[in-house]
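Its first residue numbered 343, the sequence shown is counted upward by one per residue in the numbering used here. C-beta: ideal position from N, C-alpha, C; glycine also.
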Amino acid sequence: MQTEILNHDIESKNSFSVILSLDELSCLRSVLIKYSTRAVINVSVAKSLNGQWVRAARNAIVTHSKIRTIKTGSLPAKYVKIDFLEGEVRLIQELLLNGCKASDIKGEMTSEDTELLLNRPYTFIYN
């Protein structure tokens, strides 16, 4: 999955958000993050920037300079938002989104698996 940073809003000294755009609809399984200080974060996903954001992880604690894996449960997404709720605005040392593209699921899985992994969650979450 390729990503592009769309927005990096610094709202205050202690909270800010980062919005990432995936190159296509993907199933996000987890977010791996290493932050320069302690932080508390929420992870949300959406099918469009102007649409509804669905919370995938809440109040995850990222410890100083340690990699934290935040599981998101294979949610279909085109956009990923990471809200930093506590902690100073510092440097994100590492950020990795783990998952697979929807086109790979459709191309390599049976229609039943595609329905279970992609179509049903997409319909349930976004409709």
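contact_flag[the segment 420 to 427, the segment 385 to 397] where n(CB pairs < 8 Å) is 3 or more: yes
Cα-Cα separation between Ser359 and Asn461, rounded to whole angstroms: 28 Å
Residues bridged to Pro418 (per DSSP): Cys369
Cβ-based burial, Thr414 [other Cβ within 10 Å; buried from 16]: buried
Alpha-carbon spacing of Thr465 relative to Thr452, whole angstroms: 18 Å
Three-state secondary structure assigned by DSSP to Gly441: strand
C-alpha distance - Thr456 paired with Tyr377, whole-angstrom precision: 35 Å
Ile403: first and last residue of the uninterrupted beta strand (DSSP E) it sits in: Val396 to Val404
Where Ile361 falls, given that 16 or more other Cβ within 10 Å makes a residue buried: buried
Where Leu459 sits in the DSSP three-state scheme: helix
Residues bridged to Asn392 (per DSSP): BP columns for Asn392 are empty, so no partner.
Close beta carbons around Ser354, own chain, < 7 Å, minus the five adjacent residues each side: Unreliable positioning characterises Ser354 in this predicted model, as indicated by a pLDDT of 48, which lies under 50. The coordinate reading is nonetheless provided below. Around Ser354: no qualifying Cβ.
Identified DSSP bridge partners for Thr411: Leu374
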